[in-house]
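Undergrad: In terms of the working numbering, the sequence shown opens at residue 20 and continues consecutively. Just so you know, even glycine gets a beta-carbon here, dropped at the ideal spot from N, CA and C. If you're wondering where the values come from, they're calculated on a predicted model, not measured in any experiment. Supplied in structure tokens, the structure appears directly below.
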Amino acid sequence: MTPVPTALKTCTRCGLELPATSDFFYGHGHRHYLRSHCKECGRALTRAWAKANPEKKAVADRAYRLANLDSLAAKDRTRREANPEKTAARVRAWVQEHPEASKAHKNKWVREHPEERRTARKRWWDSRPEYGRQAHAVRRARQLGGHITKADYRAILAEYGMTCHLCGEPIEAMADLQFDHVVPLARGGQHAKANIRPSHARCNQRKGAALVKDEAERDVPASNDLVTAHRPSANRT
20 MTPVPTALKT CTRCGLELPA TSDFFYGHGH RHYLRSHCKE CGRALTRAWA
70 KANPEKKAVA DRAYRLANLD SLAAKDRTRR EANPEKTAAR VRAWVQEHPE
120 ASKAHKNKWV REHPEERRTA RKRWWDSRPE YGRQAHAVRR ARQLGGHITK
170 ADYRAILAEY GMTCHLCGEP IEAMADLQFD HVVPLARGGQ HAKANIRPSH
220 ARCNQRKGAA LVKDEAERDV PASNDLVTAH RPSANRT
């Protein structure tokens, strides 16, 4: 069977002769009726109108978004999932350019999604246990009036390894790892790298606020170099 040749249609704007199908011409009203200009010329007309009428364009865009919230959200989600790195870069750039709007948006989301916020915070802290230990130690040192500096737990592990400084035995699992203040915060010890060593959780709990004996044999600094103010107290641990 001989295929029926496709009729041609001439664009009234650019003068090109194109197949008279919806692939090249927009429909208008009845499905069998095509506009007089081709799609490329139609897009050019739309861009020119938008540039000449920014306020009307903004109103039209807003009305379209309100009428198609679900479909636009689905398209946006698909686009973000397909381009995670590009999306993250665009978000960072927007946050840097609009710090106040970003802060307001974040605060609004936190107020409207308290459960999701708690879940996200827990997931973040669980994936970064060293930050949790750092925050707890800083808070406790501040409560006790001790000297506070930033302790780099990764550097401490790199220097001393996964070995308990209290019993000398290896620490087999991260879940059993704690960082002990050689001179306890309750006795005026510093929250600083020089005063912190890896330890087993059970050894650290057993030690409490006591001072380590035979410090020279364990290759830790002497207490006099670490204590900023000797304030023993039976109620502090």
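Tell me which residues share the same chain as residue 197 and place their Cβ nearer than 6 angstroms to its Cβ, disregarding the 5 neighbours each side in the sequence.
TA: Here residue 197 corresponds to residue number 178 of the sequence shown, with the count starting at 1. If we look at residue 197 and ignore the five residues flanking it on each side, its Cβ neighbours are 218, 220 and 223.
Undergrad: To which residues does DSSP link residue 216 through a beta bridge?
TA: Numbered from 1 along the sequence shown, position 197 holds the residue referred to as residue 216. Partner(s): 199.
Undergrad: Strictly by DSSP, which residues pair up with residue 19?
TA: In the structure displayed, the chain extends from 20 to 256; residue 19 sits before or after that span and is not available.
Undergrad: By DSSP, does residue 147 sit in helix, in strand, or in coil?
TA: Locating residue 147 in the sequence shown gives position 128, where the first residue counts as 1. DSSP places residue 147 in coil when its eight states are reduced to three.
Undergrad: Take every Cβ of the segment 202-218, pair it with every Cβ of the segment 172-187, and state whether three or more of those distances are shorter than 8 angstroms.
TA: In short, these stretches touch, since the Cβ pair count reaches three.
Undergrad: Taking 8 angstroms as the threshold (C-beta atoms), are residue 210 and residue 156 in contact?
TA: On the sequence shown, position 137 is the one that residue 156 refers to. On the sequence shown, position 191 is the one that residue 210 refers to. Yes, the pair counts as a contact, with Cβ atoms nearer than the cut-off.
Undergrad: What does DSSP give as the partner residues of residue 103 in its beta bridges?
TA: Taking the sequence shown and counting its residues from 1, the one referred to as residue 103 is at position 84. Note: residue 103 sits in no beta bridge, so no partner.
Undergrad: Under a three-way DSSP split, which group does residue 185 fall into?
TA: Within the sequence shown, the letter at position 166 stands for residue 185. Coil at residue 185, not helix or strand.
Undergrad: According to DSSP, simplified to helix, strand and coil, what is residue 61?
TA: Here residue 61 corresponds to residue number 42 of the sequence shown, with the count starting at 1. Of the three classes helix, strand and coil, the one that applies to residue 61 here is helix, per DSSP.
Undergrad: Can you tell me which of 188, 185, 119 and 160 puts its alpha carbon nearest to the alpha carbon of residue 207?
TA: For the purposes of this step, residue 207 is taken as residue 188 along the sequence shown, with counting starting at 1. Checking every option, the nearest Cα to that of residue 207 belongs to 160.
Undergrad: Do you know offhand how far residue 75's Cα is from residue 119's?
TA: For the purposes of this step, residue 75 is identified with residue 56 of the sequence shown, where counting begins at 1. For the purposes of this step, residue 119 is identified with residue 100 of the sequence shown, where counting begins at 1. Approximately 28 angstroms between the Cα atoms of the pair.
Undergrad: Which stretch, first to last residue, makes up the alpha helix (DSSP H) that contains residue 190?
TA: One-based indexing of the sequence shown puts residue 190 at position 171. No alpha helix (DSSP H) contains residue 190, which DSSP labels as neither H nor E.
Undergrad: Could you give the first and the last residue of the continuous alpha helix (DSSP H) run that contains residue 126?
TA: By 1-based counting over the sequence shown, the position of residue 126 is 107. First-last of the alpha helix (DSSP H) with residue 126: 118-131.
Undergrad: Is the beta carbon of residue 45 sitting closer than 8 angstroms to the one on residue 54?
TA: For the purposes of this step, residue 45 is taken as residue 26 along the sequence shown, with counting starting at 1. For the purposes of this step, residue 54 is taken as residue 35 along the sequence shown, with counting starting at 1. Taking 8 angstroms as the Cβ cut-off, residue 45 and residue 54 qualify as a contacting pair.
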